[in-house]
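Engineer:
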Amino acid sequence: MKKVFIIHGLHGWPNGGWRVWFMGELEKKEIYACALSMPSSDNPVCKNWIEEISRIVEINKNDEIYLVGHSLGTTAVLRYLELSETKIAGAVLVSGPIEPVENKDIESFLDRSFNFEKIKSKAKRFLVIHGDNDSRVPFSQAETLSKELSCRLVMIKNGGHLNGSSGWHTLPQVLEGLEEMFEK
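For what it's worth, my numbering labels the leading residue of the sequence shown as 182, then goes sequentially.
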């Protein structure tokens, strides 16, 4: 069974931004989707977020698992894959930082470089989606991430941070990207 788990970002919550719409679209296709409630989203600790993702994946390890991360959720997905022994079917990574940004709240997630070779070995497919004018995470980080993961980068013109505050309550590019992964 295909299962999609969505990981929100800093100061986020499961039903924010485009996540409700996205889960509804997957439900129409009879695909299980769940937006996780990450621990202490206002004061996140990388270890705790990795443990939560790991707990959910472990419970569902016999299913075809896809992870969708937004913002810090992307970074958490990458850190999870870096440490996990479990392989997943795919990951859609939206507006995620991979290098330090001007936000001390997320230092525990970006305190070292990523082992992209290990990350690539833990998922069959990747997709990176990013706004061309994201003021929180420079577009250059998305370019680097897609290059390191050898995957396609979808640039959203005037997308900002692709969150509810930027006016994104639907994000068809995430759904389309995931559907492409399902077909391969």
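The beta-carbon is built from N, C-alpha and C at its ideal position, and this holds for glycine as well.
Assign Pro281 to buried or exposed, taking buried as 16 or more other Cβ atoms, counted over all protein chains shown, within 10 Å of its Cβ.
Structural biologist: It is exposed - the Cβ of Pro281 has fewer than 16 other Cβ atoms within 10 Å.
Engineer: Grouping DSSP H, G and I as helix and E and B as strand, with all else coil, what is Lys303?
Structural biologist: DSSP places Lys303 in coil when its eight states are reduced to three.
Engineer: Met336 by DSSP, collapsed to three states: which one?
Structural biologist: Three-state result, Met336: strand.
Engineer: Nearest to Leu334 by CA position, among Ser316, Glu357, Arg317 and Thr267, is which residue?
Structural biologist: The shortest Cα separation from Leu334 among Ser316, Glu357, Arg317 and Thr267 belongs to Glu357.
Engineer: Whole angstroms is fine: what's the gap from Ser289's alpha carbon to Ser321's?
Structural biologist: Taking the straight line joining both Cα atoms gives about 21 Å.
Engineer: For Thr256, does the count of other Cβ atoms within 10 angstroms reach 16, so buried, or fall short, so exposed?
Structural biologist: It counts as buried.
Engineer: Specify, as a first and last residue, the run of the alpha helix (DSSP H) that Glu266 falls within.
Structural biologist: Glu266 -> no alpha helix (DSSP H), and no H or E assigned at all.
Engineer: Can you tell me the Cβ-Cβ gap for Ala216 and Glu208, rounded? I've got them flagged as a contact below 8 Å.
Structural biologist: Actually they are not in contact, since the Cβ atoms of Ala216 and Glu208 sit about 12 Å apart, beyond 8 Å.
Engineer: Tell me which residues share the same chain as Met204 and place their Cβ nearer than 6 Å to its Cβ, disregarding the 5 neighbours each side in the sequence.
Structural biologist: Contacts found: Ala214.
Engineer: In terms of residue numbering, what span does the beta strand (DSSP E) encompassing Phe203 cover?
Structural biologist: Per DSSP, Phe203 belongs to no beta strand (DSSP E); it is in the alpha helix (DSSP H), Arg200 to Lys209.
Engineer: Between which residues of its own chain and Met336 is the CB-CB distance below 6 Å, once the five residues before and five after are set aside?
Structural biologist: Only Asp313 meet the Cβ criterion.
Engineer: Return helix, strand or coil for Leu359, following the three-state DSSP convention.
Structural biologist: Residue state, collapsed to three classes: helix.
Engineer: Between which two residues does the beta strand (DSSP E) harbouring Val249 extend?
Structural biologist: From DSSP, the beta strand (DSSP E) with Val249 extends over Glu245 to His251.
Engineer: Report all residues from its chain with a CB closer than 6 Å to the CB of Lys183; omit the five preceding and five following residues, and keep chain order.
Structural biologist: Taken in chain order, the residues that qualify are Ile212 and Glu245.
Engineer: For Lys365, does the three-state DSSP call read helix, strand or coil?
Structural biologist: Here Lys365 sits in coil by DSSP.
Engineer: With DSSP run on the structure shown, which of helix, strand or coil describes Val273?
Structural biologist: Three-state result, Val273: strand.
Engineer: Taking contact to mean 3 or more Cβ pairs, one atom from each stretch, closer than 8 Å, check whether the region 229-243 and the region 272-286 are in contact.
Structural biologist: Flag = no, the region 229-243 and the region 272-286 do not touch.
Engineer: Candidates Phe363, Leu352 and Val226: which alpha carbon is nearest Lys338's?
Structural biologist: Measuring from the Cα of Lys338, the nearest candidate turns out to be Leu352.
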